[in-house]
Amino acid sequence: MTSHFRSIAEAGTERIHRLLDLTDHMAAVGRRPNPKVPALRGKTVCNLFFEDSTRTRMSFDLAAKRLSADTMTLAVSSSSVNKGESLRDTVETLDAMGVDAFVVRHRTSGVPWQVAHWSPAAVINAGDGWHAHPTQALLDAYTIRQRRGMTNDFTGLKVAIVGDIRHSRVARSTTEILLMLGAEVTHVAPRTLLPPTSHVPTTANLDEVIDEVDVLYMLRMQRERMGAGIVPGGGEYSRRFALDERRASALRNDALLMHPGPINRGVEMMVDPTELSQSTILDQVTNGIAARMAVLFDLLGSGEIEE
Ligand code: NCD
């Protein structure tokens, strides 16, 4: 049976621990003068991105190349999808070229599971609708572990995820992995931006938690997934939920400030995060390559990384 990486729950605790350790190994490979290993020579990774992406698409591409795999990227804006070709025909056509793994991003939840019905290749979820973004969760958890010099046991770690939780696949997957590792997660958002049901504590008062947290995880407002009228208008959202100067100075010195990108400056971020020592935002980008190398190697590799 082919193995996939489509959600944190599907991967399970044992595999997540293994992937975090493997990410650490890949991060060390990335720091070498020659960051490339032959592990996936002869394998073909196909990036299928039906939704906009900068970081995720580029880092999957680079991750596959650093493992010496061949890569193909379907740019949907210039593909036959625009001539009415169905998702199924697109997948079957690419599969006939000999693909070992599909990396799939789509605006509809569940598409990575559908793709797995149409092709024997491994499927990696690079973001499906509001549902899941498991490689983001993996790189987030790894970034916390790395910056805090921790093991995979996050017991006692206090994390606040702030903003548009409702429409965020990042919030879903990152909450899932953090709970799996033992962290305490609080969701901070106006009621309209929380999911209808929640299995973690919630609050609409960021100031109540900001000086206590070990990790402050800010989210973008996913306007492309919203109906009208669910966000407080004007500057009201920013006044209550953005990271401004006052809140940045309330953050503990040893806290971490995270964001999956893209940042909307002037909406959730009123300060320049690159000037804050707590910011891990660019570490997250760097670690994204190592995390995706880990996932690709786990699915397609055999034997040793170096041989
Ligand atoms: C996120 C996404 O696309 O889900 N970005 C990312 O992958 N780093 C979050 C977002 O779009 O706000």
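With the numbering used here, the residue at position 176 of the sequence shown is 174, and numbering never jumps.
Yeah, the Cβ is synthetic: ideal placement off N, Cα and C, and Gly gets one too.
Quiz item: Taking 8 Å as the cut-off, is the CB of Arg167 close to at least one heavy atom of ligand 1?
Solution: yes
Self-check item: Distance between Leu254 and Leu155 (C-alpha atoms, nearest Å)
Solution: 11 Å
Quiz item: Leaving out the 5 sequence neighbours to the left and right, which residues in its chain are closer than 8 Å to Leu274 when beta-carbon positions are compared?
Solution: Ala246, Leu249, Leu255
Exercise. Output yes or no for whether 9 Å exceeds the beta carbon distance between Met70 and Val113.
Key: no
Quiz item: Where does Asn32 sit, in a helix, a strand or coil, going by DSSP?
Solution: coil
Quiz item: How long is the line joining the alpha carbons of Asp93 and Phe100, rounded to whole angstroms?
Solution: 9 Å
Exercise. State the Cα-Cα distance for the pair Pro260 and Leu280, rounded to the nearest angstrom.
Key: 11 Å
Practice problem: Report the option in Asn123, Glu90, Ser75, Val89 whose CA atom is closest to the CA atom of Val293. | Solution: Asn123
Quiz prompt | Coarse secondary structure for Val313, derived from DSSP in three states | solution = Outside the shown range of the chain, which is -1 to 305, sits residue 313, and nothing can be said about it.
Self-check item: Reduced DSSP secondary structure (H/G/I, E/B, other) of Val121
Solution: strand
Practice problem: Flag this pair as touching only if the region 2 to 12 and the region 35 to 42 have three or more C-beta atom pairs under 8 Å; answer yes or no. | Solution: no
Quiz item: Using the rule of at least 16 other Cβ atoms within 10 Å of the residue's Cβ for burial, across every protein chain shown, is His197 buried or exposed?
Solution: exposed
Self-check item: Cβ-Cβ distance between Phe58 and Thr133 below 9 Å
Solution: yes
Practice problem: Identify whether Thr153 lies in helix, strand or coil by the three-state DSSP scheme. | Solution: coil
Quiz item: Per DSSP, Tyr215 forms a beta bridge with which residues?
Solution: Ile159, Met256
Quiz prompt | Close-in-space but distant-in-sequence residues of the same chain around Val211 (CB under 7 Å, 5 per side omitted) | solution = Lys156, Val157, Ala158, Ala253
Quiz item: Can you list the alpha helix (DSSP H) stretches of 4 or more residues lying completely in the region 164 to 227, in chain order?
Solution: 167 to 178, 204 to 207
Exercise. May I ask you to check if the CB of Arg30 is nearer than 8 Å to at least one heavy atom of ligand 1?
Key: no
Exercise. Give, in chain order, every unbroken run of the beta strand (DSSP E) that is at least 3 residues long and sits entirely within the region 31 to 115.
Key: 42 to 47, 68 to 73, 99 to 104
Quiz item: Across which residues does DSSP place Ser277 in a beta bridge pair?
Solution: Leu255
Quiz item: Are any of the Cβ atoms in chain C nearer than 9 Å to that of Trp116?
Solution: Of the chains in the structure shown, none is chain C; there is only one protein chain.
Exercise. Please say whether Val186 and Val207 have beta carbons closer to each other than 9 Å?
Key: yes
Exercise. For Glu234, count neighbouring C-beta atoms within 10 Å of its own C-beta (all shown protein chains included) and say buried if the count is 16 or more, exposed if not.
Key: exposed
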